[in-house]
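**Student:** Pasting a structure below so you can have a look.
Residue numbers (our numbering): 420 to 653.
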């Protein structure tokens, strides 16, 4: 039997290394071992798989095992963390009723003749502080300038009037704080709302707190404390 005939019959059955590599991301360990075994059995005896190629394919198999193991572990860990987080949130949420919470929020509700306090925090001192108040359509209805402030929590009263001196319609408004220091550098101010939790609801599996008529997600809560007024009554 000629060498050409041996080569001709075996070469057609031999899958290439590229084929193995291109399919490695879509196969499991059993498929990989089956293809590798078939390749070794069908290889050209006069041109066998080089040691470098064989080592490369073994490394691919090892990586496949590691990735599958890591993926399984991460998936199990993620599911466990989600379950624990949900149990913790649901258990803790009911105990928040009556507590005073601070939330990462820039929204406020204004009644027909009401006013509001615009709360914000400065990480460092600021000499120029400007607060823009917008309606639900995103239109600026009032711009307020505050006095220089040191680092910390601050609040400024808004009488509910727009720039023309007319009381704004009742509804929801948002505000943003822009601040600069004495050198003209931007000071990253953050806004917050604080109030007593009056109700807790579960919406689509998520905990929603109600504070002064506003909905707050549990993820927005920055701090929790006892209601000082209720504590004094006790």
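Every residue gets a Cβ at the ideal spot worked out from N, C-alpha and C, and that includes glycine.
Cα separation between residue 640 and residue 618?
**Tutor:** 15 Å
**Student:** Buried or exposed: which applies to residue 516, given that a residue is buried once 16 or more other Cβ atoms fall within 10 Å of its Cβ?
**Tutor:** The residue is exposed, with fewer than 16 neighbouring Cβ atoms inside 10 Å.
**Student:** Restricting to runs no shorter than 3 residues, where is the beta strand (DSSP E) found entirely within the stretch 571-626?
**Tutor:** 571-577, 590-599 and 609-622
**Student:** Kindly list the residues whose CB is nearer than 7 Å to the CB of residue 606, restricted to its own chain and excluding five residues on each side of it in sequence; keep chain order.
**Tutor:** 541, 542, 543, 545, 598, 599 and 600
**Student:** Around the Cβ of residue 589, are there at least 16 other Cβ atoms within 10 angstroms (buried) or fewer (exposed)?
**Tutor:** Exposed.
**Student:** With hydrogens ignored, establish whether the beta-carbon of residue 590 is closer than 8 Å to any heavy atom of the ligand NAD.
**Tutor:** Among the ligands in the structure shown, none appear at all, so the ligand NAD cannot be discussed.
**Student:** Alpha carbon to alpha carbon, how far is residue 550 from residue 629?
**Tutor:** 25 Å
**Student:** Cutting at 6 Å between CB atoms, please list the residues of its own chain near residue 642, excluding the five before and the five after it.
**Tutor:** 521
**Student:** Run through DSSP, which three-state label would residue 541 get?
**Tutor:** strand
**Student:** Which stretch, first to last residue, makes up the beta strand (DSSP E) that contains residue 565?
**Tutor:** Membership of residue 565 in the beta strand (DSSP E) is indicated by the continuous run 559-565.
**Student:** So which of 454, 627 and 574 has the shortest CA-CA distance to residue 611?
**Tutor:** 574
**Student:** Mind checking residue 568: buried by the 16 CB within 10 Å criterion, or exposed?
**Tutor:** buried
**Student:** Does the distance from the C-beta atom of residue 591 to that of residue 528 stay below 9 Å?
**Tutor:** yes
**Student:** Quick check: what's the CA-CA separation for residue 582 versus residue 560?
**Tutor:** The alpha-carbon atoms of residue 582 and residue 560 are separated by roughly 6 Å.
**Student:** From residue 519 to residue 558, what distance separates their C-alpha atoms?
**Tutor:** 31 Å
**Student:** Between residue 565 and residue 554, what straight-line distance do the alpha-carbon atoms span, to the nearest angstrom?
**Tutor:** 20 Å
**Student:** With DSSP as the reference, label residue 637 as helix, strand or coil.
**Tutor:** Shown here, residue 637 sits in a helix according to DSSP, grouped into three states.
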